[in-house]
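Take a look at the structure below.
Protein chains in written order, with the working numbering: chain A, 1 to 425; chain B, 426 to 850.
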């Protein structure tokens, strides 16, 4: 950390000792996994800086925003529309859920058979080590999977500002109507929190800001079609992860700057790995910071990840919100339409996801798919079986893995991934 | 079996060898668990007969109904309204899901970490041993938990008549509107299947028939308030289970007949176990035929089960549908109101369930609660932790168990239950 933030962390109520330990592990992991990579784009220096300040400068910015009267809203899901948050002059940040913490305390509140992502969100709260959570004026939960839906009932008493958004399970007319009703209810709750009424102009500006951010990350992702790929899967995942934390305008500018560099790399035939390196699409559960286990294994096993069919990836960012609305209600409809396209496995049936995986395999010239499932994540694990079958029927090799945040299965996973990569050569 | 049904089973497409083996195990289990009980009410002879003919005479009745043009609809959940089925001149039956079968085949279609109930429903299909499923003209799935919701996507291709009903996750106005929309859609689907339009009179008659069945089983359950209890938990569970299979009018008559006998027993101070036997309320996941493991353990450990807070129990049957409606739409509203009260753990939040558990503890003078959770059933396992805490805060002893359909944990469960019962003495 480039400044001493201890007073700020203490004011936020963090457990300084535990937090120091977390930052040390995080820093070491980042050094080993990211900074040791070869041929990185120069623009990644921005993300290296962001990550080095992820609990420092970025939190100071949020604290400063709060001091200036702006509200901070934390979320765990891509169904929470940033457009509405920004339009009410508030800031949306993703909340910590990518590492095991305080597991023993967590398992007093949640069944052992709960996915690592949910356990992690509780661990960061119980261990008092997530400055985003502690900065938030409103924490938004959402009824996606059973695990999260029911876990919010136990998270509620641990915080004093949980707001729960209901979500549909079916992409029917009723489902869409529910999503709209819930976005309108969320709009009212955000307006109440901020004291700022959303207007046609503020919502249009917010849609443009978020679209620009999505367009920038999507531009970066699409550049990975090139062979050799100009950026590693690890670095691309990092950009996808920072999408949820960073100031939107700065993120957009920084990503577009990297894209300029990547385009030059492509023109020069310059890549992070040699041409013809086996190309892998990762599909499945989200990978939150600092959950870098799978891409680390894949990219040290002689392959490169060329796409993430994931909430932290194209599933979350590929669609833009229509900007042409001329009324708040019309723009809310556009936001509903945009989010209703997200092909999360909570929906039944969910054929768009398989179509998107197959499209991504073609677009990114992937040689194979690794289906990334978090243990006990029922929606994605259930869906992984027919997805694997459909891919194999289409002659697309698929490796279905199920893991958590521990490092205990590192050896076993490495062996399986190496064997899979060998098969793609 | 009192007749030779082999031709019928063969015509239904059952695997006769596997089915014979299943019936043999079922018969032996029934003999050991039920017929060995002492002081059983004479009226249980009816259920002994029903169970001895559960794949025989009852299936013949369904086959005869089909031959006469009546349609059979199979279901896995108490949210499928029998009133609508009966009003369209069809028959509703619960589908097999209480025993492990063809597990190896099942785990090629579903993750290993799927609850036993869902795996069982697939096992009975893949093993071709459920004559109810094979008799059904329509199989109704429903979006309750993630496990079932996503599993129906894989069940669909195995059958040619799956209908999936969406369900709300929140007891909001929107949630109720969704339930009504789905019941209207179901009504249309059933009418299309049967070719019978539901009328005011047919729906009113159906509501009365189902209410009478619910009132009868509830009458039986309430008689367990007496000490000594006039019926064992095993026998009461069996009646709760047969509720889903039997002809409604015959079930109502038979249960009321047993109730007359039980009332005499109570007047005479006659029970199945001595007075002051520790009394246990079982709360949690449904126990489908032949899942009798927990009550068998409890009632051989020196305690008696006096209530089931379960779909196969009071959660599923205690509420009646208002009979006063004078239009089809008004009666559909009453059916929606009635089912919207079911306090399944799929709802968030679900405070009515805790209130109901505490009410049942008081009403049935239970000394303690055993929370019955099926392994990997996220909604009930998640809810079990705050439920246990609330009960213990209210000085109600609670034992939280998590199990499946295997007998591997029999010893461990017995030890835990015995220790719990000892604590209640």
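Heads up, the beta-carbon is just placed ideally off N, CA and C, and yes, glycines get one too.
Candidates the options, of which the one nearest residue i by Cα
i, options, result
"residue 35 of chain A", "A/48, A/24, A/124", "A/48"
"residue 838 of chain B", "B/725, B/571, B/667", "B/725"
"residue 110 of chain A", "A/151, A/138, A/146", "A/151"
"residue 787 of chain B", "B/504, B/743, B/749, B/706", "B/706"
"residue 227 of chain A", "A/368, A/276, A/64", "A/276"
"residue 802 of chain B", "B/580, B/712, B/754", "B/712"
"residue 604 of chain B", "B/765, B/513, B/714", "B/765"
"residue 817 of chain B", "B/693, B/850, B/783, B/841", "B/783"
"residue 621 of chain B", "B/843, B/531, B/514", "B/514"
"residue 433 of chain B", "B/482, B/454, B/678, B/463", "B/482"
"residue 423 of chain A", "A/383, A/384, A/389, A/370", "A/370"
"residue 467 of chain B", "B/694, B/687, B/753", "B/687"
"residue 459 of chain A", "A/310, A/39, A/384, A/410", "What the structure shows of chain A is the stretch from 1 to 425, and residue 459 of chain A is not part of that stretch, so it cannot be assessed."
"residue 748 of chain B", "B/637, B/438, B/822", "B/637"
"residue 51 of chain A", "A/108, A/64, A/112, A/238", "A/238"
"residue 696 of chain B", "B/658, B/574, B/602", "B/658"
"residue 773 of chain B", "A/155, A/267, A/273", "A/155"
"residue 736 of chain B", "B/698, B/820, B/596, B/542", "B/542"
Same chain, Cβ closer than 6 Å to residue i, neighbours up to 5 away in sequence not counted
i, result
"residue 561 of chain B", "497, 499"
"residue 158 of chain A", "125"
"residue 2 of chain A", "Confidence in residue 2 of chain A is poor, its pLDDT being 46 and thus under 50, which makes the residue's placement unreliable; the coordinate value appears in the next sentence. Closer than 6 Å at Cβ, skipping near neighbours: no residue."
"residue 175 of chain A", "168"
"residue 800 of chain B", "827, 829"
"residue 115 of chain A", "147, 374, 376, 377"
"residue 714 of chain B", "523, 666"
"residue 399 of chain A", "370, 420"
"residue 44 of chain A", "235"
"residue 563 of chain B", "498, 586, 588, 618"
"residue 792 of chain B", "703, 704, 849"
Integer Cβ distance of residue i from residue j, believed to fall under 8 Å
i, j, result
"residue 526 of chain B", "residue 565 of chain B", "Not quite, the Cβ-Cβ distance comes to about 21 Å (not below 8 Å), so this is no contact."
"residue 598 of chain B", "residue 504 of chain B", "That belief does not hold up - the Cβ atoms of residue 598 of chain B and residue 504 of chain B are roughly 18 Å apart, past 8 Å."
"residue 805 of chain B", "residue 770 of chain B", "5 Å"
"residue 332 of chain A", "residue 184 of chain A", "7 Å"
"residue 746 of chain B", "residue 642 of chain B", "So it is not a contact: roughly 15 Å between Cβ atoms."
"residue 588 of chain B", "residue 630 of chain B", "Their Cβ separation, rounded to whole angstroms, is 24 Å, which puts residue 588 of chain B and residue 630 of chain B out of contact at 8 Å."
"residue 665 of chain B", "residue 552 of chain B", "No, residue 665 of chain B and residue 552 of chain B are not in contact; Cβ-Cβ is about 25 Å, not under 8 Å."
"residue 244 of chain A", "residue 93 of chain A", "7 Å"
"residue 77 of chain A", "residue 144 of chain A", "6 Å"
"residue 729 of chain B", "residue 840 of chain B", "That pair is no contact at about 19 Å."
"residue 255 of chain A", "residue 86 of chain A", "In fact, because the Cβ distance is near 18 Å, the residues do not count as touching under 8 Å."
"residue 811 of chain B", "residue 326 of chain A", "So it is not a contact: roughly 47 Å between Cβ atoms."
"residue 319 of chain A", "residue 338 of chain A", "5 Å"
"residue 16 of chain A", "residue 131 of chain A", "Not a contact, Cβ separation roughly 11 Å."
One or two residues paired with residue i in a DSSP bridge
i, result
"residue 825 of chain B", "B/796"
"residue 516 of chain B", "B/497"
"residue 163 of chain A", "A/140"
"residue 709 of chain B", "B/797"
"residue 309 of chain A", "A/283"
"residue 304 of chain A", "A/279"
Neighbourhood of residue i by C-beta distance below 8 Å, restricted to the same chain and skipping five residues each side
i, result
"residue 365 of chain A", "225, 227, 279, 306"
"residue 832 of chain B", "718"
"residue 528 of chain B", "544, 548"
"residue 486 of chain B", "672"
"residue 611 of chain B", "505, 506, 509, 565, 588, 590"
"residue 419 of chain A", "none"
"residue 431 of chain A", "Because residue 431 of chain A is not part of the residues shown, which for chain A are 1 to 425, the question remains open."
Residues of its chain near residue i, where Cβ-Cβ distance is below 7 Å and the 5 sequence neighbours each way are ignored
i, result
"residue 661 of chain B", "645, 646, 649"
"residue 214 of chain A", "317, 320"
"residue 106 of chain A", "119, 122, 123, 126"
"residue 451 of chain B", "715"
"residue 425 of chain A", "278"
"residue 252 of chain A", "212, 213, 216"
Cβ-based contacts, 9 Å cut-off: residues of the stretch 602-616 of chain B near chain A
Answer set for the stretch 602-616 of chain B: 602, 603, 606, 607.
Return the residues of the stretch 153-167 of chain A that lie within a Cβ-Cβ distance of less than 9 Å from chain B, sorted by chain order.
Against chain B - using a Cβ distance shorter than 9 Å - the residues of the stretch 153-167 of chain A are 153, 154, 156, 157, 164, 166, 167.
Residues in the stretch 555-577 of chain B having any Cβ partner in chain A nearer than 8 Å:
Residues 568, 570, 571, 572, 574, 575, 576, 577.
Can you list, in chain order, the residues of the stretch 84-107 of chain A whose Cβ is nearer than 9 Å to any Cβ on chain B?
Of all residues in the stretch 84-107 of chain A, none has a Cβ within less than 9 Å of some Cβ in chain B.
Chain A contacts from the stretch 803-825 of chain B (Cβ-Cβ distance under 7 Å)
Taken in chain order, the members of the stretch 803-825 of chain B whose beta-carbon sits within less than 7 Å of a beta-carbon on chain A are 803, 804, 806, 807, 808, 810, 811.
Check distances from the C-beta atoms of the stretch 346-365 of chain A to those of chain B and list, in chain order, the residues that come in under 7 Å.
Cβ contacts with chain B come from 348, 349.
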